[in-house]
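Report on the structure given below.
Residue numbers (UniProt numbering): 1 to 197.
This is how it looks when you write it as structure tokens:
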């Protein structure tokens, strides 16, 4: 995750699975982004009682983040130092106008988990923060959104451009640094002004 931080990274294994957290790497990590993001298209106006996508997205995004924070937070607390940086989303703040209830709910939950873990781990030298990016300039976005629709989306962003993924990574590195010791429980908004608070 962070080239200049040897103790940083994203956990291996699948922390969202009940047995997965027991197979997470044992080596020390000072900074972790404990989440494997999931986003699937889902419309709730069409009833389908056999559609498990809602549970799947919450299991991966929300439960995965919870277990990652739980496991690595405990290890970091025992060591007396650590940085957890969760990846939330604008969708968790504005109700997911373009991403669906499953994704938005999971990301809103991550914002709440971030505050809970931040409060619990603060006295033991561990900070917990979240990035909440809006629309990013990614190949996956350009592949999923038709050019004409993307142009209209960009026009709705106050800064008139998509966010830069590299900037998100830089912010994660900053939050994972030793100097970020007084920043915890915060959601860092990078959304071009779509959502202001």
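The beta carbon of each residue, even a glycine, is placed where N, CA and C say it ideally should be. Quick caveat: nothing in here was measured; it's all calculated off a predicted structure.
*asked:* Is the beta carbon of residue 134 closer than 7 angstroms to that of residue 175?
replied: As a working note, residue 175 is residue 175 in the chain shown. As a working note, residue 134 is residue 134 in the chain shown. Against a cut-off of 7 angstroms, the Cβ pair of residue 134 and residue 175 comes out as no contact.
*Pick from 192, 181, 195: whose alpha carbon is nearest that of residue 85?*
Here residue 85 is taken as the residue at index 85 of the chain shown, counted from 1. Considering only alpha carbons, the answer is 181.
*Work out the CA separation of residue 106 and residue 131 for me, nearest whole Å.*
Working through the chain shown from its first residue, we reach residue 131 at position 131. Working through the chain shown from its first residue, we reach residue 106 at position 106. Roughly 14 angstroms separates the two Cα atoms.
*In or out: residue 2 buried (at least 16 other Cβ within 10 Å) or exposed?*
Mapped onto the chain shown, residue 2 falls at position 2. Per-residue confidence for residue 2 stands at a pLDDT of 41, beneath the threshold of 50, marking its modelled position as unreliable; no derived number is given.
_Nearest residue (CA-CA) to residue 73, options 157, 173, 129, 189_ = In the chain shown, counting from the first residue as 1, residue 73 sits at position 73. Ranking the options by Cα distance to residue 73, first place goes to 129.
*My understanding is that residue 194 touches residue 158, with C-beta atoms under 8 angstroms, so please give their C-beta distance in whole angstroms.*
Locating residue 194 in the chain shown gives position 194, where the first residue counts as 1. Locating residue 158 in the chain shown gives position 158, where the first residue counts as 1. Contact check for residue 194 and residue 158: beta-carbon distance about 7 angstroms, within the 8 angstroms limit, so the pair qualifies.
*Apply the 10 Å Cβ neighbour rule to residue 179 and answer buried if 16 or more other Cβ atoms are within range, or exposed otherwise.*
Working through the chain shown from its first residue, we reach residue 179 at position 179. Under this definition residue 179 is an exposed residue.
*Host alpha helix (DSSP H) of residue 198 (start-end)*: The structure shown has nothing for residue 198, since the chain only spans 1 to 197.
*Since residue 198 contacts residue 126 with CB under 8 angstroms, what's their CB separation in whole angstroms?*
Because the chain in this structure spans residues 1 to 197, residue 198 falls outside the shown range and cannot be described.
*Tell me, to the nearest whole angstrom, how far the beta carbon of residue 66 is from that of residue 113; I am working on the premise that it is less than 8 angstroms.*
Here residue 66 corresponds to residue number 66 of the chain shown, with the count starting at 1. Here residue 113 corresponds to residue number 113 of the chain shown, with the count starting at 1. So it is a contact: roughly 6 angstroms between Cβ atoms.
*asked:* Can you tell me where the beta strand (DSSP E) holding residue 196 begins and where it ends?
replied: Position 196 of the chain shown, counted from the start, is the residue given in the question as residue 196. Annotation: residue 196 is outside any beta strand (DSSP E) and is labelled neither H nor E by DSSP.
_Could you check whether residue 136 and residue 111 sit closer than 7 angstroms to each other, using their CB atoms as the reference points?_
Residue mapping note: residue 111 aligns to position 111 of the chain shown, counting from 1. Residue mapping note: residue 136 aligns to position 136 of the chain shown, counting from 1. Not a contact, by the Cβ cut-off of 7 angstroms.
*Grouping DSSP H, G and I as helix and E and B as strand, with all else coil, what is residue 132?*
As a first step, residue 132 is located in the chain shown; it is residue number 132 there, counting from the start. If DSSP states are grouped into helix, strand and coil, residue 132 belongs with the strands.
*asked:* So the candidates are 152, 108, 80; which of them puts its Cα closest to the Cα of residue 61?
replied: By 1-based counting over the chain shown, the position of residue 61 is 61. Here the closest residue by C-alpha is 108.
*For residue 122, I'd like the list of residues in its chain whose CB is within less than 6 angstroms of its CB, leaving aside the five on either flank, ordered along the chain.*
Here residue 122 corresponds to residue number 122 of the chain shown, with the count starting at 1. Only 184 meet the Cβ criterion.
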